[in-house]
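**Q**
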Amino acid sequence: MPQRTSMRARPRIVIVGGNFAGLTAARQLDRRHAVTVIDRSPSFEWLPNIHELLSGVKRPVDLRLPLRRLVTRAGHRFVRGEVAEIDARAGRLATVEGREFGFDACIVAVGGVNDTFGVKGADRHSMPFKSVADCAAIGRRLAALARRPGGRSVVIVGGGLEGIEALGEILRRFGRGGLLQLCVVEAGARLLAGAPAELDAAVRARSAAYGVRFCTRSPVTAVTGKHVQLRSGERLRSDLTIWTGGVTASPLLRESGLTGKSGRWAPVTPALQSKRFENLFVAGDAAELPSPLPKQAYFAMQMGACAADNARRWLGGRAVRAFKPAPKPMLVAFGDLDTFLVRGASVIASPALAVVKEAVFQVTMADIDPPLDSSALRDLTARLSGTVRNLALPTLASLLRW
Ligand SMILES: Cc1cc2nc3c(=O)[nH]c(=O)nc-3n(C[C@H](O)[C@H](O)[C@H](O)COP(=O)(O)OP(=O)(O)OC[C@H]3O[C@@H](n4cnc5c(N)ncnc54)[C@H](O)[C@@H]3O)c2cc1C
51 MPQRTSMRAR PRIVIVGGNF AGLTAARQLD RRHAVTVIDR SPSFEWLPNI
101 HELLSGVKRP VDLRLPLRRL VTRAGHRFVR GEVAEIDARA GRLATVEGRE
151 FGFDACIVAV GGVNDTFGVK GADRHSMPFK SVADCAAIGR RLAALARRPG
201 GRSVVIVGGG LEGIEALGEI LRRFGRGGLL QLCVVEAGAR LLAGAPAELD
251 AAVRARSAAY GVRFCTRSPV TAVTGKHVQL RSGERLRSDL TIWTGGVTAS
301 PLLRESGLTG KSGRWAPVTP ALQSKRFENL FVAGDAAELP SPLPKQAYFA
351 MQMGACAADN ARRWLGGRAV RAFKPAPKPM LVAFGDLDTF LVRGASVIAS
401 PALAVVKEAV FQVTMADIDP PLDSSALRDL TARLSGTVRN LALPTLASLL
451 RW
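The numbering of the sequence shown is this note's numbering, which starts it at 51 and goes up by one.
Below you can see the structure in the form of structure tokens.
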């Protein structure tokens, strides 16, 4: 691809989306560029732990950080707004709110959106599992359901990471009293597809005492206010249907001409440069890499850093560098019943691993928002005391009972 040198003293870089990929990109850049981060949300959200909102071991405030504080501290401008279209040829983008921004390079880090695969009634009658607000709302519905006489069936659609972590948290809070009848429905042959098969067996074994039903090889064909219809013809009673696991590309990619043949994600070169427009870099879940990667937060952060470096290089007329992913082991939390560390084909299970998962969360949040002022220090203290109260002490107590 041809290189370009910006004529401006401070070339303009606009970053669309300020979560894992976008915020990391912003933090990688310094004041030699005029950087603007645009996000429709006022908060950075730690999505890998949103399942904990179902049991109440985390509160929304524990999982959110104020984006304006994080972006301005990095020396950049934050704009709250929803980007409606990116015109790469003109080097301009427009927000739904009617504002326009020019750029010399743009980093697109918009993640994905919930996908109900066109299943009839699913958008209307199931609750999505994609943001802090979604999971806080599910937590409230679960609590209300558990208090209600009769009508307490919960169906989790999707037996992947999100669905299984959701189940673990529901069992943590509601499992012991048998307050809810739980069913997990999965279209594929087993739970946690892609992970070693023994994880499927381990999840079923840990759930056995709670009467959880698992329906694998069971695609959902329709959802109503009271039922989940399976392709087999069976109709499951459901007072609350939780839709997990379905993710598709943001319509912004298609509307800005960034998608490829699949019409979904944005194809990029090995250096994360859009295959359609050389002044656009795509990072995180939105990017379709030449060799596909799992859509994970740590890859999104690595891509954010690489996209920022390459945007800077490209603007300076220097050669861009290929993205080199550094895979990490996966930690699957199953409420307070167990935590699994998955590395390739090997699995280690121990409730004590919950402490490791929590440490990753606490350390990364503190790195993103170091306690440099009183409000950041107050937030950090609140996060740590919640962890001690809701996770560390109960985990310690259960390990000592063992
Ligand atoms: C329930 C759940 C559990 C997960 N568990 C794990 C885990 O254990 N480990 C792990 O590594 N990963 C996990 N992930 C995956 C991880 O969260 C994603 O890979 C990661 O969030 C991708 O980062 P991103 O920056 O690309 O996108 P996102 O984090 O989705 O951020 C996209 C940002 O763009 C903004 N945005 C979108 N469209 C627009 C627009 N048009 N205008 C302005 N702003 C816009 C959004 O508001 C958001 O802030 C989990 C995800 C979920 C949902």
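No residue lacks a Cβ here, since even glycine has one placed at the ideal position from N, Cα and C.
Computed from a predicted model, the values in this text were never measured in an experiment.
1) Taking only the alpha-carbon atoms, compute the straight-line gap between Ser268 and Val207 and give it to the nearest angstrom.
2) What span of residues does the beta strand (DSSP E) with Pro178 cover, start to end?
3) Which one of Lys374, Ala196 and Arg127 has the shortest CA to CA distance from Arg119?
4) Given this structure, state the Cα-to-Cα distance separating Gly131 from Val146, to the nearest angstrom.
5) According to DSSP, is Gln231 helix, strand or coil?
6) Quick check: the Cα distance between Leu230 and Ser203, rounded to an integer number of angstroms?
7) Does the region 285-295 come within contact of the region 306-318, defined as at least 3 CB pairs closer than 8 angstroms?
8) Quick check: Ile63 and Ala358, are their CB atoms within less than 9 angstroms of each other?
9) Mind pulling the alpha helix (DSSP H) runs of 4 or more residues that sit fully within the region 59-114?
10) Roughly how many angstroms separate the alpha carbons of Gly171 and Glu328, rounded to a whole number?
11) So, does the region 181-192 touch the region 108-115, judging by three or more C-beta pairs under 8 angstroms?
12) Would you mind sorting Ala347 into buried or exposed? The rule is 16 or more other CB atoms within 10 Å of its CB.
13) Can you give the Cα-Cα distance for Val158 and Val121, rounded to whole angstroms?
14) Looking at the structure shown, is Glu328 part of a helix, part of a strand, or coil, going by DSSP?
15) Give every residue of the same chain whose Cβ lies closer than 6 angstroms to the Cβ of Ser300, excluding the five residues on either side of it in the sequence, and list them in chain order.
16) By the three-class DSSP mapping on this structure, what secondary structure does Gly218 have?
17) Quick one, are the C-beta atoms of Leu365 and Ile136 less than 9 angstroms apart?
18) Suppose contacts are defined by Cβ-Cβ distances below 9 angstroms. Is Ile100 in contact with Ser181 by that definition?
19) So Phe153 and Gly334 are supposed to be a Cβ contact under 8 angstroms. How far apart are they, rounded?
20) Can you tell me where the alpha helix (DSSP H) holding Gly436 begins and where it ends?
21) Using a Cβ distance threshold of 8 angstroms, determine whether the region 408-420 contacts the region 428-447, with at least three qualifying pairs required.
22) Note down, one range per segment and in chain order, each beta strand (DSSP E) of at least 3 residues found wholly within the region 111-195.
23) Only counting the same chain, and skipping five residues up and downstream in sequence, which positions put a Cβ closer than 7 angstroms to that of Ala38?
24) Can you give me the Cβ contacts of Thr221 inside the same chain, cut-off strictly under 6 angstroms, excluding the 5 residues immediately before and after it?
25) Could you check whether the region 234-253 touches the region 384-403, counting it as contact only if at least three pairs of C-beta atoms, one from each stretch, sit closer than 8 angstroms?
26) Looking at the strands, I want to know which residues DSSP matches up with Val392.
27) Are the beta-carbon atoms belonging to Val66 and Leu115 less than 9 angstroms from one another?
28) Suppose contacts are defined by Cβ-Cβ distances below 9 angstroms. Is Gln352 in contact with Ala383 by that definition?
29) Measure the beta-carbon distance from Gly68 to Arg223 and round it to whole angstroms, keeping in mind my assumption that it falls under 8 angstroms.
30) Taking DSSP as the reference, what is the three-state secondary structure of Met51?
31) Can you determine whether any heavy atom of ligand 2 sits closer than 8 angstroms to the C-beta of Gly67, and answer yes or no?
32) So, Gly125 versus Asp173, is the Cβ gap smaller than 9 angstroms?
33) Considering only residues of the region 257-293, which uninterrupted beta strand (DSSP E) runs meet the minimum length of 3 residues and lie entirely inside it, listed in chain order?
**A** Let me lay it out:
1) 10 angstroms
2) Ser176 to Pro178
3) Arg127
4) 7 angstroms
5) strand
6) 6 angstroms
7) no
8) yes
9) 70-78 and 110-113
10) 41 angstroms
11) yes
12) buried
13) 16 angstroms
14) coil
15) Val160 and Val163
16) helix
17) no
18) yes
19) Their Cβ separation, rounded to whole angstroms, is 18 angstroms, which puts Phe153 and Gly334 out of contact at 8 angstroms.
20) Ser424 to Thr437
21) yes
22) 114-116, 127-130, 133-137, 142-145, 150-152, 155-158, 162-164 and 176-178
23) In this structure the chain extends from 51 to 452, so residue 38 is not present and cannot be described.
24) It is worth fixing the name first, because residue 221 is Leu in this sequence and not Thr. If we look at Leu221 and ignore the five residues flanking it on each side, its Cβ neighbours are Tyr260 and Gly385.
25) yes
26) Met380 and Val397
27) no
28) no
29) The Cβ separation is near 31 angstroms, so there is no contact.
30) Confidence in Met51 is poor, its pLDDT being 47 and thus under 50, which makes the residue's placement unreliable; the coordinate value appears in the next sentence. Three-state result, Met51: coil.
31) In the structure shown, ligand 2 is absent; the only ligands present are ligand 1.
32) no
33) 263-265, 270-273, 277-280, 285-287 and 290-293
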